[in-house]
Structures are given as structure tokens and as C-alpha cells.
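Here's the structure, in C-alpha cells; my notes come after.
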Amino acid sequence: MEEQMIKPTIFLSVLFPLLAIGSVSAAEAKDRCTLEGIRGISPTDSVIDSVRHVAAPVPHCEVLGHIMTNNPGPNRVGWSLMLPDDRFGGRFFFMGQGGGAGQTITAAADSYGQGASTNKLLRNGFAVSSSDTGHSPKDGGLGSYDFGANNPVRRLDYGHRGAHVSTVAAQTITRAYYAMEDKLYRYHMGCSGGGRMGMMAARHHPEDYDGIVASTVAKSGGALYFGIILQHIVKNPENWVSPQKLAFLERKVDEQCAGPDGLVRDPYGCGFNVDKLQCKGGDNEDCLTAAEISTVKLITSRFKLGYGEDADVPGFSISNPTGWTSFLMGETRPSSTNVDNPWAPAPPVPAFIVGRSIARGMYFDNLAFDLINDLDFNDKKTLELLTERHPEWGVTDTNLSGYQKAGGKLIMWAPLSENAVPPASELEYHDAIKRDIPDADNFVRTYAVPGVLHCLGGPGPQDTPERLLDAVIAWAEEGKRPDELVVSGGGAAPIIPSVQGTTPPPPPIARTVLICPHPQQAVFNAREGAFPYTASNWACK
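Per this note's numbering, the very first residue in the sequence shown carries number 10; after that it's consecutive.
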């Protein structure tokens, strides 16, 4: 494999051939950036609330609007659209939002969009759009799902309808604004809740996008595994695992499972046995108690969150368990009697905030629902309700034949050190698609990416979303199906033993990483002098 240079600016490898696709000059486009001008080219069901020209940091026309959804309804769905003055390249990007969404994105915040900077996209000639999916920030932040309680219309709009009506309106305006005669290539990218948005579009509205990049979203059982984990550690605080103990666990996992570059590529199959770490005498820093081991086993075991295959969710991977502190465990033991925050006076962990709100708003229609004491996975009615509600907003259906027929291209990726969504969910979802559609490789690719936490972070390659966006663009526009890919970056490289005479330099270190289409894995070519931090010394097998 010949390694390619990784550029710091995204999309450039495929951007330039499409520059100046619109038949309208930058000056002419700017002249259209008025309330009257945009209203004149918008769909009849769209209300244009404001239009303004934004000079910095990227000159563009900012449009804010909304649509009233009906049947069922009514509900207000807000959307935003940013149209660059210069170098429009015939591409439209819809920005997936994490968590419960609930906001429209503009360039003022330069939202990273779970993999793509708003302003970087505008500089590279993309029209950029977003949707609040039918509710506003006053309904809670990204971690809040309270908007769905006793409101099936909002659940529907959040599930998939809100983003659909928003992108249809934004795409229509984009084509007219630039007087396009050629095809508008349309892309969606997101992780977590943003990946969920993309996958729901592929399933329910397959004509909306030519290419989708989605991560940490599929077959996740509504994230109610948070309830199982948190009940285990809150009701029995001795089950909590401290940051120091998780660091010890991570060192032991790396000793057995990490490759020569310090990244774990097969966390589910490396055969790590946590029982071997149990304290022989009293508790100390270089062992785990029986209670702590029970928690590690619970987190890495399958979760049953309802009836049927869709509710059978794989456990978390054992790689980089230090990431569990920030999302699942917290820095301190949850020993408070405060039902709204068992970690008080420290803040609650994100798993508690998100898990409780999901239970309240998306399942039980009860804003007083107690995730720790009210969620009973042994109750038949509870399991029936979970099974009924999962498909409303969760990625459970693997029938993507409509997206295949529409000619769409889908790239999913699973961060193997995920600390919020079990990464095997993505891989199992891919396998299920293949069972339903034997030739799915013609429109679906899935990559397991080592060392990355929830969407970003961790020691793994941090430019993965950008590289996958490059890949899906090349696939959709040039028919180049991605195979092995090179990604880069990551945290400081760990100090590891020499490999075949190669002694790695001390951290920090720049690295390139080879990622492979599932189910292949990257294998190191352990020849004399091979440098493990260079992707060209690895091969997909």
C-alpha cells in the first residue's frame, strides 16, 4: 500500500474539479442575499425569518427559516442555511447534531459539527445547513430529551421528519440561489445523535443525500444501558471504579491487546480476562476488588433492553477504559442521596443526564421519572414499551434497500474505544445489512477505528471524520469505493517495548493509522526496522 500525504485542510483532494459550478457570480449571489430575494426562491411551505450577509470570518448569506409540520402536527421546525459568496463547489452539507439537537447552527459559533467545522466547510465551497428537528434550546440542551414527553409529534420530528423537511427546503433554495444547471451533491455527516440523524434519513428519506457519514448510532437500544450501569454503581457505591483503578486496568489491557503502536484493534476478540486482576488480599492500587470487577464485566457484557434482536445490544469494548470516567463513572464515588445528582456536590455524569432524559421524554412520558429507582428491566410492561418506542427515533431497521436504489453511499465508523455507545453496535448493524442485502458493499462501508472515544478524543486518529467525508465524496461523485484508508493524529503515543529492533521515540508523536473496511483488520508488518506509527507498515487482512 502506498501511503498518501494527509493534508491539514479537508476536502481539497476532490474539491477543485467542482469549483464554480453555479452559473451565478459571487457578486450576483450576494445581491440575492435579501429577505425578498430568498423568499422568492424558497418552497411555499417554508417561512423565511431572517436573511443577512455575514462578512467574517467567511463571507456568506445566512438564512434562518422554519416550517410547520402537520399530519400529525402542528409543530415548528427551525432550520439554517449558509451560502458562501465565493468558490461554491456544487456541494451541500447538512450538519448532524449530537444528543437531542434542538438548535440551528450558524457560522458565528463555528460549530465543529462532529467532524466538520462550519467555517472550514464554507471556505471550501459548501453550502451548509442544519435543523433544530422541531424543538428549541429552551426545551433543554443537547443532552435533553424532555421535549418528547407526551408529545408524539415532536418525537416524530426529532426522529426523522424535522431534518427531512429542513434539508428539502435548504436544498431547494441552494439550487435556485446559484442558478444551478448541474447536479447538487448532497452530504450528511454526524456522530452520536448526528449519526442517528443521517441513518434515519437513509432509512426513511433515501432521496435526501448522495453520501452519508455516520458514527456511534446503530442498534443502541435508546441508550438505556446507561440505566443498567448506573443502577449498578449508584445503588451499590462499592461497585464504582475510580480513575486510578481504570488507569491500572487500561495498562493491563494494553499489555495484552494493544498493537505495537499502542492501539487496540480487536478489543472484543483479544481474550482479555479481567478476573485475573482480582485482589488476592486487601484492596490496593494494582488490583481490582470483586465489586469493581463486576462493574467491568457488566459494562462489557450484552444488554437486554426490550424484546427482539433490535433490543439486544452489545457491551462496551475493553479498550481505553479510562474514558469511562468522563461519561459513565465520574471522578468521585456516587454516594449522595440526592436523586437528581448522586454525585453531588460534583456534577452528574453525562450518562445520568442523557439516560434519565431519554427515559423521561422518549419512553415513559414522565418528567419525574427516576432512572435509578423507576427503571425496571425485569418488568414485562417496561420491556414492551421500550420495544415499541425504539423504532420511533432509534436506528433499528436494517432495510436500506431504498438508499441503495437511490444511488446513495454510506460510510459508518465505530470508534473502538467508545465510552458512550458500544462500538460493536455499528459492526453488528453492518453485518445485519449484509444479511439483508448481499451486495451491500456496493453502497455501504464500515470502519472500526482504534483508540477514539465518543466521536473524538483518545489516543486514536482524530481526523477520521474528515477523511471519511473525503472518501464518501469521491465515492458518490467519482465512483471510487473506499477500501483501506489512512487517517492521522491522536494523543501522545505511549511508551511501548521495542518491536523487531525498532524503538519508538518518546511522546508526543505524529502518527498515521491504517483503517480497514469491516470485517478486515490492520496487521503490522513486523519486519526489521518497521516503524509502527506509519500506516504504510500495516496491511488490511
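C-beta: ideal position from N, C-alpha, C; glycine also.
- Counting only the Cα atoms, Ala-117 lies some 30 Å from Val-430.
- Met-371 is bridged by DSSP to nothing; it lacks a bridge partner.
- Straight-line spacing of the CA atoms in Ala-360 and Lys-306 works out to 18 Å.
- Given a length threshold of 3 residues, each whole run of the beta strand (DSSP E) inside the region 413–455 is given here in chain order: 418–424.
- About 15 Å separates the CB atoms of Arg-163 and Asn-80; that is not less than 8 Å, and the two are not in contact.
- In this structure, the straight-line span from the alpha carbon of Thr-396 to that of Asp-385 is close to 14 Å.
- Taking the Cα of Asn-160 as reference, the smallest distance to any Cα among Phe-373, Ala-136 and Ile-308 is reached at Phe-373.
- Across the structure, Pro-400 and Asp-479 are spaced so that their CA atoms are roughly 31 Å apart.
- Counting only the Cα atoms, Glu-393 lies some 11 Å from Asn-387.
- Taking a cut-off of 8 Å on C-beta distances, the region 279–286 touches the region 262–269, as three or more cross pairs fall below it.
- The Cβ-Cβ distance between Ser-153 and Trp-88 does not fall below 7 Å.
- When DSSP reads this structure, Ser-138 sits in a beta bridge with Leu-90 and Phe-103.
- Looking at the backbone, the Cα of Val-243 and that of Lys-418 are separated by about 43 Å.
- In the three-state scheme derived from DSSP, where H, G and I count as helix and E and B as strand, Pro-246 is classed as helix.
- Between Cys-70 and Gln-530, the alpha-carbon positions lie close to 44 Å from each other.
- Our two residues, Tyr-412 and Leu-165, have alpha carbons roughly 20 Å apart in a direct line.
- Leaving aside the five residues that flank Gly-46 on each side, the residues in its chain whose CB is nearer than 8 Å to its CB run, in chain order, Asp-40 and Val-60.
- For Asp-58, the uninterrupted beta strand (DSSP E) run begins and ends at 55–63, by DSSP.
- Put simply, of Asp-270, Asn-293, Leu-239 and Arg-274 the residue whose alpha carbon is nearest the alpha carbon of Leu-258 is Asn-293.
- Only exposed fits Gln-253, as fewer than 16 other CB atoms lie within 10 angstroms of its CB.
- Distance from the CA of Gly-469 to the CA of Ala-539, rounded to the nearest whole angstrom, comes to 20 Å.
- Annotation for Arg-195: the continuous beta strand (DSSP E) segment containing it runs 194–200.
- If you draw a straight line from the Cα of Phe-378 to the Cα of Gly-157, it comes to about 13 Å.
- Rounded to whole angstroms, the gap between the alpha carbons of Pro-356 and Asn-350 is 7 Å.
- With 16 or more other Cβ atoms from the protein chains shown falling within 10 Å of its own Cβ, Asn-128 counts as buried.
- Here Arg-536 is exposed: its Cβ has fewer than 16 other Cβ atoms, across all protein chains shown, within 10 Å.
- Taking each of Thr-407, Ser-224, Ile-114 and Met-189 in turn and checking the Cα distance to Met-206, the smallest one comes out for Ser-224.
- In the three-state reduction of the DSSP assignment, Lys-261 falls in the helix class.
- For Arg-195, the number of other beta carbons within 10 angstroms of its own is at least 16, and it is reported as buried.
- When beta bridges are read from the DSSP output, Glu-71 appears opposite Arg-61 and Met-91.
- Proximity to Asp-275 across Thr-543, Asn-534, Ile-524 and Ser-545 peaks at Ile-524, based on C-alpha coordinates.
- Taking C-beta separations shorter than 7 Å and ignoring five residues to either side along the sequence, the partners of Leu-44 in its chain run Ile-57 and Val-60, following chain order.
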